[in-house]
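For reference, the structure discussed in these notes is given below.
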Amino acid sequence: MNSYIKNYTTPLLKTWSIGSLFVAASLLIVSCGNSVNKEEGEELEEEHVEEVHFSTQQFQSLRMKVDTLPLRNISSYVDANGQLEVPPQNEAAVTAVIGANIISIKVIEGDKIKKGQVLAYLNHPDLIKLQTDYINSWNQLQYIDKEYQRQKKLYDEKVGSGKEFQKTQADYQSMKGTVVGYEAQLRLLGLSLMKIQQGEIYDQVPVSTPISGYVRHVNVKTGQYVQPQTEMFEIVNIDHIHTDLMVFEKDMHKVKEGQKVKFSIESLPGKELEATIYSVGKAFEQDPKAIHLHAEIHNKEGLLIPGMYVRGRIIIDDVRCYALPEAAVIRDGDKYFIFTAEKKDEDGEVEWEFVPEEIIVGAMDNGWIEVKLLQPLEEGTTVAWNNAYYLLAEMKKGELGDDD
0 MNSYIKNYTT PLLKTWSIGS LFVAASLLIV SCGNSVNKEE GEELEEEHVE
50 EVHFSTQQFQ SLRMKVDTLP LRNISSYVDA NGQLEVPPQN EAAVTAVIGA
100 NIISIKVIEG DKIKKGQVLA YLNHPDLIKL QTDYINSWNQ LQYIDKEYQR
150 QKKLYDEKVG SGKEFQKTQA DYQSMKGTVV GYEAQLRLLG LSLMKIQQGE
200 IYDQVPVSTP ISGYVRHVNV KTGQYVQPQT EMFEIVNIDH IHTDLMVFEK
250 DMHKVKEGQK VKFSIESLPG KELEATIYSV GKAFEQDPKA IHLHAEIHNK
300 EGLLIPGMYV RGRIIIDDVR CYALPEAAVI RDGDKYFIFT AEKKDEDGEV
350 EWEFVPEEII VGAMDNGWIE VKLLQPLEEG TTVAWNNAYY LLAEMKKGEL
400 GDDD
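Here numbering that gives the first Met the number 0 is used: the sequence shown runs in plain steps of one and ends on residue 403.
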């Protein structure tokens, strides 16, 4: 049997030509070469890792900050812009009660004033006539009152005439109404009735503020004649200044009373103020499609003036999650990355290795970004807290160098 195989195989091998053997050998060599190259390519591919290396000097010059990935409270929010306002009862338009000339102005815009403080003085012949008419009417009332009391007593005792009593009673009621009308006008002017009754006539009358606060506008000047409807001064009390914000239709269902608001204004750059919503409007604005809401300011500091523009955020919820400063997160195409950081000691030479880690970003809050990891990091892993843009640029530079 063995011999047969030997005799059979020998002639078969002899039938191969030298050319055929050369081709077969060539195919074998090419096949082996491709296999080796493929394995080497796979090995090189496995060894190629996107990373950035910094020396200690580079690390320090860039002021790199590295630490573990922290847990932090991140708030989701609704944007809401508006302006600072005060309630209607904290604003006052001061007018003259009667037409008169301004003889002096006692305040300027921006002055802090108290309720009842004199803002200006007026005079006019009509003011003097009003007082003299009042004195005459008041004196007549005193006489008619005595006559009325006398006629009433006679009538009650059935001695006096009923017709005479009724006439005296009518005169008394008429004069009393006249006097009460004069007194009402004089009280509005801030004049003392008792002094006028004693014969003292005021040649000027004060114009006083009905509320405490600040003088916002002075709309008159000395010597000017003002009508009763003329607005002379505008007063505002900012003790109850608040934010008047507008929330668009798509976010209306998210807001409610009691929610916190964080906002900023131009007069306090870099400062974030806080407020709490105390009223949500029930009227829907058409242009833009939005509702008004009002929030009470907690930390009223600095110069807060009605009408100032407000850029705010209404806090919807508060979530504890992993987060990093904005400078630690970088976008590349449609993906977001952070960089893990590892300190290495190679033959006594210290260097830092930064490796990109793809993430999903969540809510942003006051310079921090929620970080959602696609793969968990090993315990104790440190990450870069800043310069993500620079790290990505260095990594891209390295990739271009490898392509060359």
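From the three backbone atoms N, C-alpha and C, an ideal C-beta is built for every residue, glycine too. This structure is a prediction, so every number in the text was calculated from the model and none was measured.
Residues of its chain near Glu325, where Cβ-Cβ distance is below 8 Å and the 5 sequence neighbours each way are ignored: Reading the sequence shown from its first residue, position 326 is the one you call residue 325. Hits under 8 Å: Met363, Gly366, Trp367 and Ile368.
Extent of the continuous alpha helix (DSSP H) to which Asn138 belongs: Position 139 of the sequence shown, counted from the start, is the residue given in the question as residue 138. Start and end: Pro124 to Asp155.
C-beta atoms of Val217 and Val225 nearer than 8 Å: Position 218 of the sequence shown, counted from the first residue, corresponds to residue 217. Position 226 of the sequence shown, counted from the first residue, corresponds to residue 225. No. Outside cutoff.
Counterpart residues of His239 in DSSP-defined beta bridges: By one-based count along the sequence shown, residue 239 stands at place 240. The partner list for His239 (beta bridge, DSSP) is empty, contrary to what the question assumes.
Residue closest to Pro305, alpha-carbon to alpha-carbon, out of Lys64, Asp155, Ile264 and Glu182: For the purposes of this step, residue 305 is taken as the residue at position 306 of the sequence shown. Among Lys64, Asp155, Ile264 and Glu182, the Cα nearest to that of Pro305 is on Ile264.
Three-way DSSP call (helix, strand, coil) for Lys396 in this model: By one-based count along the sequence shown, residue 396 stands at place 397. The answer is helix: DSSP assigns Lys396 an H, G or I state.
Buried versus exposed, by CB contacts within 10 Å (16 or more), Lys395: Locating residue 395 in the sequence shown gives position 396, where the first residue counts as 1. Answer is exposed; the Cβ neighbour count stays below 16.
Local Cβ density within 10 Å of Ala392, reported as buried at 16 or more and exposed below that: The count along the sequence shown starts at 1 and reaches residue 392 at position 393. Answer is exposed; the Cβ neighbour count stays below 16.
Length of the line joining the Cα atoms of Asn100 and Gly222: Taking the first residue of the sequence shown as position 1, residue 100 is located at position 101. Taking the first residue of the sequence shown as position 1, residue 222 is located at position 223. For Asn100 and Gly222, the distance between alpha carbons rounds to 6 Å.
C-alpha gap between Arg319 and Lys288, whole angstroms: For the purposes of this step, residue 319 is taken as residue 320 along the sequence shown, with counting starting at 1. For the purposes of this step, residue 288 is taken as residue 289 along the sequence shown, with counting starting at 1. Approximately 33 Å between the Cα atoms of the pair.
With 16 other Cβ atoms within 10 Å as the buried cut-off, status of Asn33: Reading the sequence shown from its first residue, position 34 is the one you call residue 33. A caution first: Asn33 carries a pLDDT of 45, below 50, which makes its placement in the model too unreliable to give a value.
Classification of Ile313 by the beta-carbon crowding that lies within 10 angstroms, buried from 16 upward: What you label residue 313 is simply residue 314 of the sequence shown in a count that begins at 1. Classification for Ile313: buried.
First and last residue of the uninterrupted alpha helix (DSSP H) at Asp170: Translated into the one-based positions of the sequence shown, residue 170 becomes position 171. That run of the alpha helix (DSSP H) goes Gly161 to Leu187.
CB of Phe336 within 8 Å of CB of Ile358, strictly: Residue 336 sits at position 337 when you count from the first residue of the sequence shown. Residue 358 sits at position 359 when you count from the first residue of the sequence shown. Their beta carbons are under 8 Å apart, which means Phe336 touches Ile358 by this criterion.
Endpoints, beta strand (DSSP E) assigned at Lys270: Locating residue 270 in the sequence shown gives position 271, counting from the first residue. Here Lys270 belongs to no beta strand (DSSP E), and DSSP marks it neither H nor E.
One or two residues paired with Ala119 in a DSSP bridge: Walking along the sequence shown from the start, residue 119 turns up at place 120. DSSP output for Ala119 lists Ile104 and Val206 as bridge partner(s).
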